[in-house]
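Notes follow the structure.
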Ligand code: NAP
C-alpha cells in the first residue's frame with residue numbers, strides 16, 4: 041500500500057558539513073551545477089579547516105603548490121613550491137570569497153548528530169546549541185585532521201605546566217627560555233621541532249617511532265614565473281600536469297604497486313638514509329632516527345632542517361618510552377624524570393577510529409549508526425563516497441576514497457560523484473538515492489583483492505605504528521588504485537549502482553537547476 045502521509049519538505053536541498061577545502065570545493069561545485077540551496081556548517085569561525093586551525097611554528101604544506109589547488113582555480117601567486125600555512129589559508133579564503141560561499145556559511149555551528157528520516161527522505165542535522173537543519177542531501181566533509189588526540193599516558197591531567205596540541209597552538213605564548221618537551225615526530229612534530237629549537241632553553245623530543253624524512257626541494261617562485269602563470273595560464277596547467285605525473289609515478293604507483301615497483305621505494309629509502317648520514321653527526325642519534333620499517337608504511341615527511349636540529353646542544357632525542365607525567369615533568373621507563381615548563385603534543389588526530397571521521401553520530405536507515413557500523417564491521421564506502429543504509433549522503437574523505445596524490449582532486453572527484461547522483465535523482469523524479477549493497481560489496485572486493493600490492497602489505501610495516509592502519513588491520517585511508525583510475529571511476533560508475541526511490545507527493549526538489557543543464 042502506498043504511504044500518502046503529508047510529506048515534510050526539507051529546509052535546504054543540501055547541507056555540507058565542514059568549511060575546509062572539502063566544504064569549499066563541494067560548495068563551488070554545487071554552485072557551478074546550478075544548485076544554490078545549500079548551507080555549509082562549521083564549528084569554526086571562518087573557512088579554511090585544517091589550515092585555519094593549524095598555526096604552529098613552521099606549519100607549511102609539503103605537497104607542491106604546482107598541484108595544491110583546485111583544478112578550476114589555479115593560483116599564479118604562490119610564493120614558493122611549498123608555502124607556509126597562512127598562505128594556504130589565504131588561498132582557501134580567496135576561493136570562498138571568489139565563488140560567493142559566505143552567504144551559505146553557518147559558522148559557530150557544532151554538529152552534534154545527524155539522522156536520516158526515511159519517511160520524508162531527508163536528513164536532520166542537530167547542532168550542539170539545539171538547532172536542527174533539514175536537507176534532502178548531506179555531504180560530509182569534516183576532514184581527517186579535525187579531532188586532535190592527546191597522548192593516552194598516565195597522569196597527563198596532573199601536569200601543571202602549559203600543554204599545547206599542535207593543532208591548537210597558542211601563538212601569544214612565548215616559548216623563549218622555556219624547557220619544552222615535544223611528544224610526537226610525525227609531520228607536525230617534524231615541522232615544530234626545528235622551528236622552536238633555537239628559541240627554547242631546552243628541547244626534549246620524545247620519539248616513539250622514527251619517521252622517514254626526504255629532502256624538501258623548496259624554492260621561491262620567481263616573479264617572472266608568476267607573471268607567466270598569470271598571463272599564460274596554459275603554462276601553469278602544463279606545470280601542474282608535469283608535477284601530477286611525477287607524483288603519480290613516484291608516490292602513487294610506488295605505494296600502490298609496491299610489490300611490483302620495489303626498486304623505486306628502495307631508491308627513496310637510500311636517499312633518506314644518505315640525508316640522515318650527512319646531516320646528523322652523532323652515530324648513536326643517527327641510529328635512533330633510523331626507521332625500522334619500509335618507506336611508505338606511514339606518512340613520510342619532507343624536511344631539510346629536521347635532522348640537523350639533533351646536532352644542537354639544547355636538543356635531546358629521547359626514545360625510552362614515556363611512563364607517566366608528574367605535575368612538573370615526564371618520567372620515562374628507565375625511571376628518569378625530566379622537568380619541563382611546556383608540553384607540546386604533536387600526537388596526531390582521530391581519523392579512521394570511532395569518534396574521528398566524522399566526529400558525531402550519523403544515524404542511517406534501520407537504526408544503523410555509521411561510526412558503530414564501521415567500528416564493528418570494517419571501514420567501507422562505495423568509491424569512498426557512499427554507504428548502504430545511509431541514503432542521500434556522501435563523504436569527501438571516505439574510506440578508500442583517496443589515492444594519495446592530491447587532496448584537491450579527491451574533493452573534486454567526490455563532489456562530482458555526489459552531484460551525478462543528485463542530478464540523476466532529479467531526472468528520475470526521485471527523492472532518495474542509496475548505494476546498493478552489491479555495488480558496495482563489489483567495490484570492497486576489488487579493494488581487498490588489490491591491496492595485496494600496496495606498500496602496507498609488502499614493506500615490513502609491522503613496526504611502523506602507522507595511523508594508516510585501523511583497528512581491523514585495514515588501510516582505509518588509501519584506495520589501492522592510481523589516482524587517474526579513481527578520477528575515472530567517479531565519472532563512469534554505473535548510476536544504477538544506486539537505488540532510486542520517490543516520495544509520491546514530492547514532484548520536484550527545491551534548489552536544483554534544470555536537470556539537462558546539470559547532467560552534462
Ligand atoms: P601523526 O602523524 O599521527 O604523528 C603523531 C606522532 O605522535 C607520532 O610520532 C606518534 O608516534 C606520536 N605519538 C602519539 N601518541 C603517542 C604517545 N602516547 N607516546 C609517544 N608518542 C606518541 O600526527 P601529525 O604529525 O599531526 O600528522 C598528522 C597528519 O597531518 C599527517 O600525516 C599529514 O597528513 C598531516 N600534516 C601535514 C603536514 C604537511 O603537509 N606538511 C604537516 C602536519 C600534518 P608513533 O609514530 O609511534 O605512533
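In the working numbering, the protein residues as written are 41 to 560.
Yeah, the Cβ is synthetic: ideal placement off N, Cα and C, and Gly gets one too.
Selected residue, minimal CA-CA separation from residue i, among the options
| i | options | result |
| --- | --- | --- |
| residue 74 | 466, 451 and 511 | 466 |
| residue 311 | 337, 72 and 255 | 255 |
| residue 180 | 438, 498, 525 and 475 | 438 |
| residue 443 | 522, 399, 308 and 314 | 522 |
| residue 355 | 107, 390, 396 and 241 | 241 |
| residue 150 | 418, 62 and 81 | 81 |
| residue 508 | 308, 283, 393 and 235 | 393 |
| residue 309 | 133, 286 and 252 | 252 |
| residue 133 | 153, 154, 152 and 110 | 110 |
| residue 405 | 104, 159 and 135 | 159 |
| residue 349 | 519, 237, 370 and 341 | 237 |
| residue 196 | 337, 49, 127 and 370 | 370 |
| residue 297 | 430, 496, 102 and 63 | 496 |
| residue 446 | 102, 90, 64 and 544 | 102 |
| residue 94 | 62, 114, 112 and 208 | 208 |
| residue 341 | 260, 232 and 58 | 232 |
| residue 514 | 538, 533, 365 and 492 | 492 |
| residue 259 | 511, 448, 96 and 105 | 105 |
| residue 313 | 327, 137 and 302 | 327 |
| residue 347 | 409, 167 and 247 | 247 |
| residue 227 | 518, 66, 385 and 470 | 385 |
| residue 154 | 114, 448, 398 and 499 | 398 |
| residue 217 | 225, 224 and 239 | 239 |
Identified DSSP bridge partners for residue i
| i | result |
| --- | --- |
| residue 372 | 362 |
| residue 403 | 155 and 409 |
| residue 202 | 382 |
| residue 245 | 222 and 357 |
| residue 188 | 389 |
| residue 442 | 518 |
| residue 167 | 151 |
| residue 142 | Beta-bridge pairing links residue 142 to no other residue. |
| residue 178 | 55 and 433 |
| residue 124 | 100 |
| residue 426 | 422 |
| residue 162 | 157 |
Where residue i sits in the DSSP three-state scheme
| i | result |
| --- | --- |
| residue 548 | Only weak support exists for where residue 548 lies, its pLDDT of 44 falling under 50; the value from the coordinates is given anyway. In this structure, residue 548 counts as coil in the three-state DSSP scheme. |
| residue 54 | strand |
| residue 118 | coil |
| residue 109 | coil |
| residue 256 | coil |
| residue 173 | strand |
| residue 82 | strand |
| residue 321 | coil |
| residue 233 | helix |
| residue 59 | coil |
| residue 87 | coil |
| residue 541 | strand |
| residue 476 | coil |
| residue 397 | coil |
| residue 483 | helix |
| residue 228 | helix |
| residue 448 | helix |
| residue 377 | strand |
| residue 272 | coil |
| residue 300 | coil |
| residue 556 | Low confidence applies to residue 556: its pLDDT is 33, below 50, so where it sits in the model is not reliable enough to give any reading. |
| residue 216 | coil |
| residue 49 | coil |
| residue 462 | helix |
| residue 251 | coil |
| residue 287 | helix |
Jot down the residue ranges of each uninterrupted alpha helix (DSSP H) in the stretch 499-538, minimum 4 residues, whole runs only, in chain order.
523-532
Check whether the stretch 145-154 and the stretch 74-89 are in contact - that is, three or more C-beta pairs closer than 8 Å.
yes
So does the stretch 206-215 actually touch the stretch 120-134, counting three or more Cβ pairs closer than 8 Å?
no
Three Cβ pairs or more, each shorter than 8 Å: is that satisfied between the stretch 382-398 and the stretch 176-190?
yes
Does the stretch 413-429 come within contact of the stretch 197-209, defined as at least 3 CB pairs closer than 8 Å?
No, they do not touch.
Does the contact criterion of 3 or more C-beta pairs under 8 Å hold for the stretch 332-340 versus the stretch 523-531?
no
Assess contact between the stretch 285-295 and the stretch 372-383, defined as three or more Cβ pairs (one per stretch) separated by less than 8 Å. Is contact present?
Too few Cβ pairs lie closer than 8 Å, so no.
Assess, as a yes-or-no matter, whether the stretch 477-492 is touched by the stretch 273-280 under the definition of 3 or more beta carbon pairs within less than 8 Å.
Between the stretch 273-280 and the stretch 477-492, the count of Cβ pairs shorter than 8 Å is below three; the stretches do not touch.
For the stretch 302-351, which segments carrying the alpha helix (DSSP H) assignment without a break, of at least 4 residues, lie completely within its bounds, in sequence order?
Within the stretch 302-351, the complete alpha helix (DSSP H) runs of at least 4 residues are 302-319 and 323-328.
Could you check whether the stretch 455-464 touches the stretch 54-72, counting it as contact only if at least three pairs of C-beta atoms, one from each stretch, sit closer than 8 Å?
yes
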